[in-house]
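S.K.:
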Amino acid sequence: MALNSCQPSLCEIENIHLPMMAFEKWDSFRFIDLFAGIGGIRLGFESVGGKCVFSSEWDEQAAKTYEVNFGGKPAGDITEIDASDIPDFDILLAGFPCQPFSIIGEKEGFGHETQGTLFFDILRILEEKAPPAFMLENVRNLTAHDNGNTFRVI
Numbered sequence: 016m017a018l019n020s021c022q023p024s025l026c027e028i029e030n031i032h033l034p035m036m037a038f039e040k041w042d043s044f045r046f047i048d049l050f051a052g053i054g055g056i057r058l059g060f061e062s063v064g065g066k067c068v069f070s071s072e073w074d075e076q077a078a079k080t081y082e083v084n085f086g087g088k089p090a091g092d093i094t095e096i097d098a099s100d101i102p103d104f105d106i107l108l109a110g111f112p113c114q115p116f117s118i119i120g121e122k123e124g125f126g127h128e129t130q131g132t133l134f135f136d137i138l139r140i141l142e143e144k145a146p147p148a149f150m151l152e153n154v155r156n157l158t159a160h161d162n163g164n165t166f167r168v169i
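In my numbering, the protein residues as written are 16 to 169.
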């Protein structure tokens with residue numbers, strides 16, 4: 016993995032070399048799409064041959080759009096889904112809610128009543144399923160939130 020020279024919180028990944036641990040070819044990997052929204056992250060992984068085997072989105076309007084876009088309605092609130100009920104997968108994708116960590120929000124972090132602890136649901140699923148890879152998308156302030164304590168926990 017090559018990173019450009021900058022502060023870690025601002026670096027962009029130039030080249031990613033995923034080990035082919037659980038899959039032989041790019042056209043045979045399976046992924047799950049958590050906090051799916053309308054499916055933006057899914058599009059990128061499908062474009063390189065991945066197959067989505069599970070998605071979750073609690074917002075009804077976003078879920079309706081996702082269903083129109085992909086032909087299947089996402090499961091609802093991830094906090095109510097047992098990890099053992101999720102099909103096996105190679106890559107976990109999650110665009111977990113950024114509002115509690117954003118520089119424009121209240122900066123409540125893990126203390127936010129409904130969104131702050133959703134990272135721990137990702138962790139719960141990763142621990143149960145132990146996939147070879149995962150990708151989490153979030154806001155720029157995540158590394159600096161609470162003087163870096165949030166990122167250290169993650």
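Using N, Cα and C, we set each Cβ at its ideal position, and we do this for glycine too. These numbers were taken from a predicted model, which means no experiment stands behind them.
Taking one C-beta from the segment 91 to 101 and one from the segment 67 to 74 each time, how about it: are there three or more such pairs within less than 8 Å?
M.R.: Contact between the segment 91 to 101 and the segment 67 to 74 is present, because at least three Cβ pairs lie under 8 Å.
S.K.: Report the CB separation of residue 51 from residue 45 in whole angstroms; it is logged as a contact under 8 Å.
M.R.: Residue mapping note: residue 51 aligns to position 36 of the sequence shown, counting from 1. Residue mapping note: residue 45 aligns to position 30 of the sequence shown, counting from 1. Not quite, the Cβ-Cβ distance comes to about 15 Å (not below 8 Å), so this is no contact.
S.K.: Provide the residue span of the alpha helix (DSSP H) that contains residue 88, from first to last.
M.R.: As a first step, residue 88 must be located in the sequence shown, where it is residue number 73. Premise fails: residue 88 is in no alpha helix (DSSP H) and is neither H nor E.
S.K.: I'd like to confirm the pairing. Which residues does DSSP put opposite residue 69 in its beta bridges?
M.R.: In the sequence shown, residue 69 corresponds to position 54, counting from 1. Its beta-bridge partners are 47.
S.K.: Beta-carbon within less than 7 Å of residue 105's beta-carbon, same chain only, minus the 5 sequence neighbours each way: which residues are those?
M.R.: Taking the first residue of the sequence shown as position 1, residue 105 is located at position 90. Here the set comprises 37, 38, 44, 45, 46, 146, 147, 148.
S.K.: DSSP three-state call for residue 159: helix, strand or coil?
M.R.: The count along the sequence shown starts at 1 and reaches residue 159 at position 144. Looking at residue 159 - three-state DSSP - the assignment turns out to be coil, as it is neither helix nor strand.
S.K.: Around the Cβ of residue 136, are there at least 16 other Cβ atoms within 10 angstroms (buried) or fewer (exposed)?
M.R.: What you label residue 136 is simply residue 121 of the sequence shown in a count that begins at 1. So residue 136 ends up on the buried side.
S.K.: Hey, how far is the Cα of residue 62 from the Cα of residue 48?
M.R.: On the sequence shown, residue 62 is found 47 positions in, with the first residue counted as 1. On the sequence shown, residue 48 is found 33 positions in, with the first residue counted as 1. Straight-line measurement puts the Cα of residue 48 at about 14 Å from the Cα of residue 62.
S.K.: According to DSSP, is residue 149 part of a helix, a strand, or is it coil?
M.R.: One-based indexing of the sequence shown puts residue 149 at position 134. Correct three-state label for residue 149: strand.
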